[in-house]
Amino acid sequence: MYDYVIFGGGVVGAAIFNKFVRLGAKVALLEKELDVATGASKANSGLVHAGFDAETGTLKAKLNVRGNELFEKLCQELGIKFKRTGALVVGNDEEKLKELLARGKKNGVKGLSIIREEKLWKLVPNLRHEYKSALYAKTAGLVSPYMLTIALAEEAVINGGQALFGFTTKKIEKAKGCFKIYSSDKRVVEGKVVINATGAGYNDIARLLKAEEREIRFRRGEYYVLDKCDFVNLTVFPLPTKLGKGILATPTASGNILLGPTAEDILEFDTATTMGGLENISGSITAMFDNVPFDKIIREYSGVRVSCGDDFVIEWDKKAERVVDICGINSPGLTSAPAIAEMVAEMVGLRGQEKKMIRRKGYAVKVKGEIVCRCEKVGKNEILSAINSPLKPCTVDGIKRRVRAGMGKCQGGYCLIDVCRLIARERGIKLEEVNKEHEGGAVMLSGGKYE
Ligand SMILES: Cc1cc2nc3c(=O)[nH]c(=O)nc-3n(C[C@H](O)[C@H](O)[C@H](O)COP(=O)(O)OP(=O)(O)OC[C@H]3O[C@@H](n4cnc5c(N)ncnc54)[C@H](O)[C@@H]3O)c2cc1C
Numbered sequence: 039m040y041d042y043v044i045f046g047g048g049v050v051g052a053a054i055f056n057k058f059v060r061l062g063a064k065v066a067l068l069e070k071e072l073d074v075a076t077g078a079s080k081a082n083s084g085l086v087h088a089g090f091d092a093e094t095g096t097l098k099a100k101l102n103v104r105g106n107e108l109f110e111k112l113c114q115e116l117g118i119k120f121k122r123t124g125a126l127v128v129g130n131d132e133e134k135l136k137e138l139l140a141r142g143k144k145n146g147v148k149g150l151s152i153i154r155e156e157k158l159w160k161l162v163p164n165l166r167h168e169y170k171s172a173l174y175a176k177t178a179g180l181v182s183p184y185m186l187t188i189a190l191a192e193e194a195v196i197n198g199g200q201a202l203f204g205f206t207t208k209k210i211e212k213a214k215g216c217f218k219i220y221s222s223d224k225r226v227v228e229g230k231v232v233i234n235a236t237g238a239g240y241n242d243i244a245r246l247l248k249a250e251e252r253e254i255r256f257r258r259g260e261y262y263v264l265d266k267c268d269f270v271n272l273t274v275f276p277l278p279t280k281l282g283k284g285i286l287a288t289p290t291a292s293g294n295i296l297l298g299p300t301a302e303d304i305l306e307f308d309t310a311t312t313m314g315g316l317e318n319i320s321g322s323i324t325a326m327f328d329n330v331p332f333d334k335i336i337r338e339y340s341g342v343r344v345s346c347g348d349d350f351v352i353e354w355d356k357k358a359e360r361v362v363d364i365c366g367i368n369s370p371g372l373t374s375a376p377a378i379a380e381m382v383a384e385m386v387g388l389r390g391q392e393k394k395m396i397r398r399k400g401y402a403v404k405v406k407g408e409i410v411c412r413c414e415k416v417g418k419n420e421i422l423s424a425i426n427s428p429l430k431p432c433t434v435d436g437i438k439r440r441v442r443a444g445m446g447k448c449q450g451g452y453c454l455i456d457v458c459r460l461i462a463r464e465r466g467i468k469l470e471e472v473n474k475e476h477e478g479g480a481v482m483l484s485g486g487k488y489e
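In my numbering, the protein residues as written are 39 to 489.
Below, the structure is given as structure tokens:
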């Protein structure tokens, strides 16, 4: 019997899981996929926003600013990289820049200023000189969104939380002050309070809980990933429009460059990349920058923003008792996640001193012996330590997100099969049973060919 059962292992569910364990609660995290961070939390810009963008007075504004404040300490405790590199919104409409500055100040964002010409061009040498002004936000930063999610969940598990993967909920019964949750593979979990943090899957769980179903909208964002280079050293946005923050160029926490995201309203959840979307990125980036190193593109991907009205929804369900609804967590949801966890802890009455946590060790075993991923220089020992890490990841993408094997120039062309072999050996399964990411998504066909 758990005090709390959290549905959804994205950054929001993982942050709540971690916070609740820190506050001494007995918590289970139920994730339908085989690992955490397989939804929006793996496919975004990885920006810890400063907080000038959201409308003053909204939950988004409040939680963005608070989340940003929490990042340094949290990432230090979790042993993951966080870089406060700053961000710029460039545009010659000074009125609009001043509006953003004023909104940022109202939201409580520190370190905002407007910079011009030489100072701006020095910060972004590849920016076209027709851009003469920018809002500079000193407190914006970079984090790996999936490493943050993984680290939050790992620390929770090391300290007594339970994470169950491949958990497809079939039925939920309510009896005597508790929920009885049944999975399709006959696991049963009981909990007193449930938290629905399933992102795009919100209504599936709400329906089973007989809780409030909500109108959800999807907006896809496509990206190009560039190999590590110094095209930009901080995040550069154009002026925002009603579709969002616009197509930006940013370094990632690992030193790659991202160009994107687009903003396309779609009817159903779909993470395809499209010719139109990618051309849109090239066009927008070429309009802002000179010397764009398109020859360094190594990958493209897309993520889907889930919205429900204009603001985040974080509230007690109005139809079902003891259910917390978390819905419409689009940008700045990554930044806000630590603050959302604080807010939900407060809502359920979990207060007081955090317990002394055993900190995660990570998998940064110094490369020695055999190298498996040549592009990212990942050793066999690192891969083995990731496979045997607290969440027991069993997919190729799970290993990739932990130690970067397959993230480099060749995108796994050389190392994929060796990673599969190591997973198969450690899990005691056949090579053709190793999934790329999803259940049933085997990397190898039984004939020994790649999927
Ligand atoms: C293109 C794009 C760019 C973005 N850029 C930024 C940014 O730079 N900075 C920022 O702060 N925010 C950004 N965001 C927003 C941020 O990515 C999201 O707010 C955040 O990842 C949402 O996390 P989540 O946990 O709510 O959702 P998700 O990460 O989608 O997690 C939901 C989880 O629930 C699981 N699930 C679904 N159904 C079920 C079920 N029935 N049972 C159990 N589990 C289930 C899913 O498998 C998934 O793991 C961006 C988003 C997108 C799409």
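For every residue, glycine included, the Cβ atom is placed at its ideal position computed from N, Cα and C.
- Note on ALA310: under 16 other CB atoms within 10 angstroms of its CB, so exposed under the neighbour-count rule.
- PHE269 sits in coil when the DSSP states are folded into three classes, being neither helix nor strand.
- By the C-beta criterion, the stretch 341 to 349 is judged not to be in contact with the stretch 226 to 235, since fewer than 3 inter-stretch pairs fall below 8 Å.
- Around the Cβ of VAL472, a 10 Å sphere holds 16 or more other Cβ atoms; the residue is buried.
- By the Cβ neighbour-count rule, THR279 is exposed, with fewer than 16 other Cβ atoms within 10 Å of its own.
- When distances are taken from the beta-carbon of PRO183 to the heavy atoms of ligand 1, the shortest one is below 8 Å.
- Exclusion of the five residues before and after PRO331 leaves LEU264, CYS267, PHE269 as the residues of its chain whose Cβ lies within less than 7 Å of its Cβ.
- Take the alpha-carbon of SER151 and the one of LEU139: they are about 7 Å apart.
- Around ASP456, the same chain offers VAL410 as residues with beta carbons nearer than 7 Å, after the five sequence neighbours per side are excluded.
- Each residue's CA atom was taken as its position, placing THR300 and ASP242 some 27 Å apart.
- Using a Cβ-Cβ distance cut-off of 8 Å, the stretch 45 to 53 and the stretch 161 to 177 are not in contact, since fewer than three pairs of beta carbons, one from each stretch, lie closer than that value.
- Shortest gap from the CB of PRO428 to any heavy atom of ligand 1: 8 Å or more.
- THR177 sits close to GLY124, with the two beta carbons spaced by under 9 Å.
- TYR220 and LYS208 have their C-alpha atoms roughly 6 Å apart.
- The secondary-structure analysis by DSSP pairs PHE256 across a beta bridge with ILE304, VAL344.
- Secondary structure of GLU477 (DSSP, three-state): coil.
- PHE90 sits in coil when the DSSP states are folded into three classes, being neither helix nor strand.
- The C-beta distance from LEU316 to GLU260 rounds to 6 Å, short enough to fall under 8 Å.
- Residue ranges of uninterrupted beta strand (DSSP E) with 3 or more members, entirely inside the stretch 328 to 394 and ordered along the chain, are 335 to 345, 351 to 354, 361 to 365.
- For ligand 1, a non-hydrogen atom lies closer than 8 Å to the CB of HIS87.
- Under DSSP, ILE219 forms a beta bridge with ILE210, VAL227.
- Pairing LEU97 with TRP354, the inter-Cα distance amounts to about 15 Å.
- The beta carbon of CYS413 sits closer than 7 Å to the beta carbons of GLY446, LYS447, CYS448 from its chain, once the five residues preceding and following it are set aside; these are given in chain order.
- Here LEU281 is exposed: its Cβ has fewer than 16 other Cβ atoms, across all protein chains shown, within 10 Å.
- For TYR184 against ARG439, the beta-carbon gap comes to about 4 Å, under 8 Å, which counts as contact.
- Bridge partners of GLN114 according to DSSP: none are assigned.
- Between ASN197 and MET395 a beta carbon distance of about 5 Å is seen, short of the 8 Å cut, so the two are scored as contacting.
- A straight line joining the alpha-carbon of GLU168 with that of ASP308 spans about 37 Å.
- In this chain, the alpha helix (DSSP H) harbouring TYR240 covers 240 to 247.
- For LEU150, the enclosing beta strand (DSSP E) stretches over residues 150 to 154.
- VAL162 places its beta carbon less than 9 Å from that of LEU126.
- Listed in chain order, the non-local C-beta contacts of LEU112 below 6 Å within the same chain comprise PRO376, local neighbours out to five positions each way being set aside.
- Distances from the CB of ALA201 to the heavy atoms of ligand 1 are all 8 Å or more.
- Ranked by how close their Cα comes to the Cα of GLY407, the residues GLU253, LYS399, VAL416, ALA88 have VAL416 in first place.
- Per DSSP, the continuous beta strand (DSSP E) segment holding LEU286 begins and ends at 286 to 289.
- The closest heavy atom of ligand 1 lies 8 Å or more from the beta carbon of ARG440.
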